[in-house]
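*Asks:* Before anything else, here's the structure in question.
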Amino acid sequence: MYWYKRVKELMKDKKGSSVIEFVMGLLLFVTFVAFVVDLLLVGGKRFNVGQEATDISRTLAKQGGVMSVTPEGYPGGDTAYLTSTEMLQKIEKRMKRSGLGEYGDGVWFVTLTEFDNEGNEIRSGRLTPNTNFKVDYMNSMDVKISASYRWRLMRFILADNAPDSPVTAERHSVSEFKYNFNDWKGERYDSDPLDEYEEPDYGDYEPGTDLDEGTGEDSGDTGGEGDADQEEDIIDDGQGDGNSGEIDFPIEEPIE
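Structure, rendered in structure tokens:
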């Protein structure tokens, strides 16, 4: 009651009223600045999470998912492959720089989902150090990074009533790695293709019959000389006045 009476007396006094208006205006200004700064921080964190999701999506597509150990026959071996533990460490490093904490804090997690060629979901789960997420060639997958951020500056003003903003990013990719080439129908041979070759059946064909008409054998003319003369005529026409033996192509105008 004392403070209520005191404020009431100050409101009646012009000087006291000015002080109260100044304090209220200052509080509103500080709240507005805190809101804008937190809003910018949330935008920056969403950008960083989106960039990391894009990088992880490309890696998953190139590797055909992620395994706890490097798959046998992977090009480049261990140096070129990112295991599930190494992938988590890479994500954690960027999350810490973004102010979203470590993996063990439970503030963020990564979800991996596999789809078949028709878009049907096959399986889904969170990325852990022991994850074996094998996605064969041409199967699609999603990677989703989910995090939660409590507004830092607004927390000093609103305490436990400070808002929490979800920071998520989801990317889609298609597997580019084939684990077992023998599974490809086009590259698996059950028999020798040469054994399946069949000789064409020419029937009762005999040289010198009507089937040879036009070849020049019956008349003694092989047709070779005629073809050579015709070819020489075409060449001569092309090198002559340019009115015959040449094909006129339209001249393309340059693109400005």
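When you number the sequence shown by full-length UniProt numbering, it's gap-free, plus one each residue, and the end is 256. We put the beta carbon where it would ideally sit given N, CA and C, even for glycine.
Along the chain, where does the beta strand (DSSP E) that runs through Leu112 open and close?
*Replies:* Taking the first residue of the sequence shown as position 1, residue 112 is located at position 112. That run of the beta strand (DSSP E) goes Trp108 to Phe115.
*Asks:* Roughly how many angstroms separate the alpha carbons of Val19 and Ile157, rounded to a whole number?
*Replies:* Sequence index remark: in the sequence shown, residue 19 carries index 19 (1-based). Sequence index remark: in the sequence shown, residue 157 carries index 157 (1-based). Distance between the alpha carbons of Val19 and Ile157: 21 angstroms.
*Asks:* Can you tell which of Thr113, Gly104 and Pro129 has its C-alpha closest to the C-alpha of Arg123?
*Replies:* Translated into positions along the sequence shown, residue 123 becomes position 123. Of Thr113, Gly104 and Pro129, the residue nearest in Cα terms is Thr113.
*Asks:* Am I right that Gly64 and Val135 are in contact with their C-beta atoms under 8 angstroms? What's the rounded C-beta distance?
*Replies:* Counting from one through the sequence shown, the residue named residue 64 turns up at place 64. Counting from one through the sequence shown, the residue named residue 135 turns up at place 135. The Cβ separation is near 5 angstroms, so the contact holds.
*Asks:* So, is the C-beta of Arg94 closer than 8 angstroms to a C-beta in chain C?
*Replies:* Protein chains in the displayed structure number just one, and chain C is not present.
*Asks:* DSSP state of Glu118, grouped into three classes?
*Replies:* Position 118 of the sequence shown, counted from the start, is the residue given in the question as residue 118. Coil, per DSSP.
*Asks:* Out of Arg150, Val167, Gly50 and Leu100, which has the shortest C-alpha to C-alpha gap to Ala159?
*Replies:* As a working mapping, residue 159 is identified with position 159 in the sequence shown. Here the closest residue by C-alpha is Arg150.
*Asks:* Give the secondary structure of Phe177 by DSSP, where H, G and I count as helix, E and B as strand, and everything else as coil.
*Replies:* Your numbering for residue 177 matches position 177 in the sequence shown. Of the three classes helix, strand and coil, the one that applies to Phe177 here is coil, per DSSP.
*Asks:* Give the DSSP-derived three-state secondary structure of Val19 in the structure shown.
*Replies:* For this step, residue 19 is matched to residue 19 along the sequence shown. Here Val19 sits in helix by DSSP.
*Asks:* Is there contact here, the stretch 45 to 55 with the stretch 168 to 176, by at least three beta-carbon pairs under 8 angstroms?
*Replies:* A contact exists between the stretch 45 to 55 and the stretch 168 to 176.
*Asks:* Can you tell me the Cα-Cα spacing of Lys96 and Val69, whole angstroms?
*Replies:* Translated into the one-based positions of the sequence shown, residue 96 becomes position 96. Translated into the one-based positions of the sequence shown, residue 69 becomes position 69. Taking the straight line from one Cα to the other gives about 25 angstroms.
*Asks:* Going along the chain, which residues of its own chain have a beta-carbon closer than 7 angstroms to the beta-carbon of Glu102, five neighbours each way excluded?
*Replies:* For this step, residue 102 is matched to residue 102 along the sequence shown. Once the five neighbours on either side are set aside, the close Cβ partners of Glu102 are Glu92 and Lys96.
*Asks:* Is Ser175 near Leu127, with beta carbons less than 8 angstroms apart?
*Replies:* Here the question's residue 175 lines up with position 175 in the sequence shown. Here the question's residue 127 lines up with position 127 in the sequence shown. No, Cβ-Cβ distance for Ser175 and Leu127 is not below 8 angstroms.
*Asks:* Where does the unbroken alpha helix (DSSP H) through Met67 begin, and where does it stop?
*Replies:* Here residue 67 is taken as the residue at index 67 of the sequence shown, counted from 1. No alpha helix (DSSP H) contains Met67, which DSSP labels as neither H nor E.
*Asks:* Are there 16 or more other CB atoms within 10 angstroms of the CB of Leu60, so buried, or fewer, so exposed?
*Replies:* Translated into positions along the sequence shown, residue 60 becomes position 60. Buried is the call here.
*Asks:* For my contact list, Asn117 and Asn139 are in at a C-beta cut-off of 8 angstroms; report their separation, rounded to the angstrom.
*Replies:* On the sequence shown, residue 117 is found 117 positions in, with the first residue counted as 1. On the sequence shown, residue 139 is found 139 positions in, with the first residue counted as 1. Indeed, because the Cβ distance is near 7 angstroms, the residues count as touching under 8 angstroms.
*Asks:* Roughly how many angstroms lie between the CA atoms of Val36 and Val143, to the nearest whole one?
*Replies:* On the sequence shown, residue 36 is found 36 positions in, with the first residue counted as 1. On the sequence shown, residue 143 is found 143 positions in, with the first residue counted as 1. Whole-angstrom Cα-Cα distance: 30 angstroms.
*Asks:* What is the rounded straight-line gap between the Cα of Asn132 and the Cα of Asp105?
*Replies:* Start at 1 with the first residue of the sequence shown, and residue 132 comes out as number 132. Start at 1 with the first residue of the sequence shown, and residue 105 comes out as number 105. Taking the straight line from one Cα to the other gives about 23 angstroms.
*Asks:* Counting only the same chain and skipping the five closest in sequence on each side, list residues whose C-beta sits under 8 angstroms from that of Arg58.
*Replies:* Your numbering for residue 58 matches position 58 in the sequence shown. Correct list, in chain order: Ser173.
*Asks:* The beta strand (DSSP E) that contains Met141, what's its start and end?
*Replies:* On the sequence shown, position 141 is the one that residue 141 refers to. Counting along the chain, the beta strand (DSSP E) containing Met141 begins and ends at Ser140 to Arg150.
*Asks:* Label Val30 either buried or exposed according to how many other C-beta atoms from any shown protein chain fall within 10 Å of its C-beta, with 16 as the threshold for buried.
*Replies:* Looking up residue 30 in the sequence shown gives position 30. By the neighbour-count rule (16 or more Cβ atoms within 10 Å), Val30 is not buried but exposed.
*Asks:* According to the Cβ coordinates, are Phe177 and Lys90 closer than 8 angstroms?
*Replies:* Here residue 177 refers to the residue found at position 177 of the sequence shown. Here residue 90 refers to the residue found at position 90 of the sequence shown. No. Outside cutoff.
*Asks:* Taking Cβ to Cβ, would you say Val66 is nearer than 8 angstroms to Met87?
*Replies:* The count along the sequence shown starts at 1 and reaches residue 66 at position 66. The count along the sequence shown starts at 1 and reaches residue 87 at position 87. Against a cut-off of 8 angstroms, the Cβ pair of Met87 and Val66 comes out as a contact.
*Asks:* Cβ of Val42 within 8 angstroms of Cβ of Ser165?
*Replies:* Locating residue 42 in the sequence shown gives position 42, counting from the first residue. Locating residue 165 in the sequence shown gives position 165, counting from the first residue. A contact, by the Cβ cut-off of 8 angstroms.
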